[in-house]
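Engineer: In my numbering, the protein residues as written are 1041 to 1466.
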Amino acid sequence: MIEIQRIKERTEEVLAGIGKRNIDATKEIAQIIALDSEWRQKKTQLQQLETEMNSISKQIGVLFSTGKQDEAKALKAKTAVLKESLQEHKQSAEQLENQINDLLFSLPNVCTEDVPKGKDEASNEIVEAFGSSPSLEDSRDAHWDLAKEYELIDFELGVKVTGAGFPFYRGQGARLQRALVSFFLDEAADAGYEEFVSPLMVNENSGKGTGQLPDKEGQMYYIEADNLYMIPTAEVPLTNIYRDVLLPDPNFSIKLTGHTPCFRREAGSYGKDVRGLNRLHQFEKVEIVRIENQENAARALGEMISHVKSLLEKLGLQYRILRLCGGDTGFAAAITYDFEVYSAAQKKWLEVSSVSRFDTFQSNRLKLRYKDENKKSRLCQTLNGSALALPRIMAALLENNQLKDGINIPSCLHKYTGFKKISKSS
RNA sequence: GGAGAAUUGGCAGAGUGGUCGAUUGCGGUAGUCUUGAAAACUAUUGUACCGAGAGGUACCGGGGGUUCGAAUCCCUCAUUCUCCGCCA
């Protein structure tokens, strides 16, 4: 959530940043500021009462220990009124605090200056494009047809065993999947990211820490018996490693990566958008996460973008980078860049990565801080990005590299697949 | 899954109803001594919040309760350890 100090001190900036999402938060912000000053008043009064109470209690203690029972009893009688008023103050301070928190939780992050204003994806900006569409013959097939033809992915089997959106990968398809994961992890390691194998379920506090809860509760699979959530992305366990952490030194740059399945309930889609690998309930992803100080966050974002670019270029995929407009930017992000690859057979762009800077929005919830040069606690900056999400990469690779008698594997993957071409007979 | 024990500051470890935010040791920081270092000695050393400041408040695994007063008593949840059972 947004730091309340920022709301009070830089109100205009906050309003403008949220305004980019086509949301007018004037009322909420004014309410927060008003409630906050009310809360401060109550808090001060409450603490005064507590001081008084503490001192009386101490006196009673002294009186008892010096044998002055009667005086102690007299003093005790006085506390009843005080106690009542103390309770009242405590309750109303708490109530105010809850109201403020509810409001703060409901506000999305402040978009940075370079985020374009806009309501939906139509206002996203294309900032860069790379590569060109492969020239395929007329017989170009969509990946779901290729998957069947070469026995790479079995969607029906997934339906039988689990349900729609849970495919089986098999044979060369499974191998290609594993090759991609290894390739992505090795590239991340080369770029200095420490690899983690994380839990695939998280508790409620973790969900809150990265902002999936309470707003996106319905999008996660929930294990009721144990009060656990299936992770929608490795971002959740990886970032939550640093929940409630105070880093002692301002010179740090934390780079984490992990490969996990991601589970998403994603109700309400239909048609060819969800066909094949385009949208799944379970898919694999390699995520990169960074925790930085105030000064380094902007540079880290640039490095992450370069990293994702280099992956796509090594895979030889045509891609473009979008700077999302406010309305399309996720609740917790301050700025997001989406990467899309071109799927030649479907003739459409598929989102394969989303790289975001969260400013202090997550770290505020996470209580993730560091000591700066003056030994003052400051909130860290968190960033994350997909590097990369597997299914749509796989879809694009299959479609774009298809030949009459097989599918070419990009050379960077050869050492992982053990074959250079997907063919029927093998 | 069953039985028992435990959870205190960076770490170790006291504290069982009242000047306890918490004895002490180690570690950290600063200083004295030293050509330098070590040792020794001295001081200092948690986090968050309220307050213009002085200062105050909260926090002893989490939450709730009893009490004028709780690290200390009660309830509850979580975690760790030991033993038993089961198991990749």
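All C-beta atoms in this analysis are idealised placements derived from N, C-alpha and C, irrespective of residue type, glycine included.
Note that the coordinates shown come from a computational prediction; the quantities given were computed from them, not determined experimentally.
#1: Would the segment 1402-1422 count as touching the segment 1376-1383 if we require 3 or more Cβ pairs under 8 Å?
#2: State the start and end residues of the unbroken beta strand (DSSP E) segment that holds Asp-1378.
#3: Buried or exposed: which applies to Phe-1292, given that a residue is buried once 16 or more other Cβ atoms fall within 10 Å of its Cβ?
#4: Closer than 8 Å is the cut-off here; do at least three beta carbon pairs connect the segment 1353-1372 with the segment 1409-1421?
#5: Tell me whether Thr-1279 is buried or exposed, calling it buried when 16 or more other Cβ atoms sit within 10 Å of its Cβ.
#6: Nearest CA to the CA of Val-1221: which residue from Gly-1458, Leu-1453, Ser-1132, Phe-1195?
#7: Determine the closest residue to Gln-1085 out of Glu-1257, Ala-1133, Val-1348, Val-1395, with distance taken between C-alpha atoms.
#8: Report buried or exposed for Asp-1399, applying the criterion of at least 16 other Cβ atoms within 10 angstroms of its Cβ.
#9: If we count the other Cβ atoms within 10 Å of its Cβ and call it buried at 16 or more, is Asn-1267 buried or exposed?
#10: Excluding the 5 residues preceding and the 5 following Thr-1300 in the sequence, name in chain order all residues of the same chain whose CB lies nearer than 7 Å to its CB.
#11: Give a yes or no on whether the C-beta atoms belonging to Asn-1424 and Val-1329 are separated by under 9 Å.
#12: Round the Cβ separation of Phe-1303 and Met-1041 to the nearest angstrom and send it over; I've been treating them as touching at under 8 Å.
#13: Looking at C-alpha atoms only, which residue of Ala-1265, Leu-1419, Lys-1048 is the closest neighbour of Leu-1287?
#14: In or out: Leu-1355 buried (at least 16 other Cβ within 10 Å) or exposed?
#15: In whole angstroms, what separates the C-alpha of Ala-1204 from that of His-1321?
#16: Is Glu-1128 buried or exposed, if buried means 16 or more other CB atoms sit within 10 Å of its CB?
#17: Consult DSSP for Leu-1423 and reduce its assignment to one of helix, strand or coil.
#18: To the nearest angstrom, report how far apart Gln-1088 and Val-1121 are at their CA atoms.
#19: Tell me where the alpha helix (DSSP H) around Leu-1268 begins and ends.
#20: Going by beta-carbon coordinates alone, are Tyr-1359 and Phe-1170 separated by less than 9 Å?
#21: Which same chain residues end up closer than 8 Å to Glu-1137 when comparing Cβ atoms and leaving out the 5 residues on each side of it in sequence?
#22: Could you pull the start and end residues of the beta strand (DSSP E) that Thr-1297 belongs to?
#23: To the nearest angstrom, report how far apart Gly-1158 and Arg-1061 are at their CA atoms.
#24: Need the endpoints of the alpha helix (DSSP H) that Gln-1217 sits in, please.
#25: Run through DSSP, which three-state label would Lys-1048 get?
#26: Tell me, please, which residues DSSP counts as bridged to Asp-1194.
#27: Could you spell out where the alpha helix (DSSP H) holding Glu-1332 opens and where it closes?
#28: Using the C-alpha atoms, what's the distance from Ser-1146 back to Gly-1057?
#29: Contact check, Ile-1063 vs Thr-1051 under 8 Å by CB: the rounded distance?
#30: Quick one: what does DSSP say Lys-1157 is sitting in, helix, strand or coil?
#31: Looking at C-alpha atoms only, which residue of Lys-1116, Asp-1110, Ile-1462, Ile-1140 is the closest neighbour of Gln-1045?
#32: Comparing alpha-carbon positions, which option in Asp-1230, Tyr-1261, Ala-1074 lies nearest Thr-1297?
Structural biologist: According to the structure shown:
#1: Inter-segment contact for the segment 1402-1422 and the segment 1376-1383 is absent: fewer than three beta-carbon pairs are separated by less than 8 Å.
#2: As a position in the first sequence, residue 1378 is number 338, starting the count at 1. That run of the beta strand (DSSP E) goes 1375-1383.
#3: In the first sequence, residue 1292 corresponds to position 252, counting from 1. Exposed is the call here.
#4: The way I'd put it, the segment 1353-1372 doesn't touch the segment 1409-1421; fewer than three beta-carbon pairs between them come closer than 8 Å.
#5: Working through the first sequence from its first residue, we reach residue 1279 at position 239. Its Cβ being crowded by 16 or more others within 10 Å, Thr-1279 is buried.
#6: Position 181 of the first sequence, counted from the first residue, corresponds to residue 1221. For Val-1221, the closest alpha carbon among the candidates Gly-1458, Leu-1453, Ser-1132, Phe-1195 is that of Leu-1453.
#7: Walking along the first sequence from the start, residue 1085 turns up at place 45. Selected option, being the one with the closest Cα: Ala-1133.
#8: For the purposes of this step, residue 1399 is identified with residue 359 of the first sequence, where counting begins at 1. Buried.
#9: Counted from its first residue, the first sequence places residue 1267 at position 227. With fewer than 16 other Cβ atoms within 10 Å, it is exposed.
#10: The residue labelled residue 1300 in the question sits at position 260 within the first sequence. Ser-1238, Leu-1240, Ile-1271, Ala-1274, Lys-1325.
#11: Residue 1424 sits at position 384 when you count from the first residue of the first sequence. Residue 1329 sits at position 289 when you count from the first residue of the first sequence. Yes. Within cutoff.
#12: Against the first sequence, residue 1303 aligns to sequence position 263. Against the first sequence, residue 1041 aligns to sequence position 1. Contact between Phe-1303 and Met-1041 does not hold, since their C-beta atoms are separated by about 25 Å, which reaches or exceeds 8 Å.
#13: Mapped onto the first sequence, residue 1287 falls at position 247. Closest by alpha carbon: Leu-1419.
#14: Translated into positions along the first sequence, residue 1355 becomes position 315. With 16 or more other Cβ atoms inside 10 Å of its own Cβ, Leu-1355 counts as buried.
#15: Residue mapping note: residue 1204 aligns to position 164 of the first sequence, counting from 1. Residue mapping note: residue 1321 aligns to position 281 of the first sequence, counting from 1. In a straight line, the C-alpha of Ala-1204 is about 8 Å away from that of His-1321.
#16: Translated into the one-based positions of the first sequence, residue 1128 becomes position 88. Looking at its Cβ environment, which holds fewer than 16 other Cβ atoms inside 10 Å, Glu-1128 is exposed.
#17: By 1-based counting over the first sequence, the position of residue 1423 is 383. Here Leu-1423 sits in strand by DSSP.
#18: Numbered from 1 along the first sequence, position 48 holds the residue referred to as residue 1088. Numbered from 1 along the first sequence, position 81 holds the residue referred to as residue 1121. Rounded to whole angstroms, Gln-1088 to Val-1121 spans 15 Å at the Cα level.
#19: Taking the first residue of the first sequence as position 1, residue 1268 is located at position 228. For Leu-1268, there is no enclosing alpha helix (DSSP H); the residue is found in the beta strand (DSSP E) stretching over 1268-1270.
#20: Numbered from 1 along the first sequence, position 319 holds the residue referred to as residue 1359. Numbered from 1 along the first sequence, position 130 holds the residue referred to as residue 1170. For the 9 Å CB-CB criterion, Tyr-1359 and Phe-1170 form a contact.
#21: One-based indexing of the first sequence puts residue 1137 at position 97. Trp-1079, listed in sequence order.
#22: Along the first sequence, read from residue 1 onward, the residue named residue 1297 stands at position 257. Membership of Thr-1297 in the beta strand (DSSP E) is indicated by the continuous run 1294-1303.
#23: Within the first sequence, numbered from 1, the residue matching residue 1158 stands at position 118. Within the first sequence, numbered from 1, the residue matching residue 1061 stands at position 21. Going from the Cα of Gly-1158 to the Cα of Arg-1061 covers about 6 Å.
#24: As a first step, residue 1217 must be located in the first sequence, where it is residue number 177. Where Gln-1217 is concerned, the enclosing alpha helix (DSSP H) stretches over 1211-1230.
#25: Here residue 1048 is taken as the residue at index 8 of the first sequence, counted from 1. In the structure shown, Lys-1048 sits in a helix (DSSP, three-state: H, G or I).
#26: Taking the first sequence and counting its residues from 1, one reaches residue 1194 at position 154. In DSSP, Asp-1194 forms a bridge with Phe-1208.
#27: Sequence index remark: in the first sequence, residue 1332 carries index 292 (1-based). For Glu-1332, there is no enclosing alpha helix (DSSP H); the enclosing beta strand (DSSP E) covers residues 1322-1332.
#28: The residue labelled residue 1057 in the question sits at position 17 within the first sequence. The residue labelled residue 1146 in the question sits at position 106 within the first sequence. Cα to Cα, the separation comes out at about 15 Å.
#29: Sequence index remark: in the first sequence, residue 1063 carries index 23 (1-based). Sequence index remark: in the first sequence, residue 1051 carries index 11 (1-based). 15 Å between Cβ atoms; not a contact.
#30: Counted from its first residue, the first sequence places residue 1157 at position 117. In this structure, Lys-1157 counts as coil in the three-state DSSP scheme.
#31: On the first sequence, position 5 is the one that residue 1045 refers to. The shortest C-alpha separation from Gln-1045 is found at Ile-1140.
#32: Translated into positions along the first sequence, residue 1297 becomes position 257. Of the candidates Asp-1230, Tyr-1261, Ala-1074, the one whose C-alpha sits nearest the C-alpha of Thr-1297 is Asp-1230.
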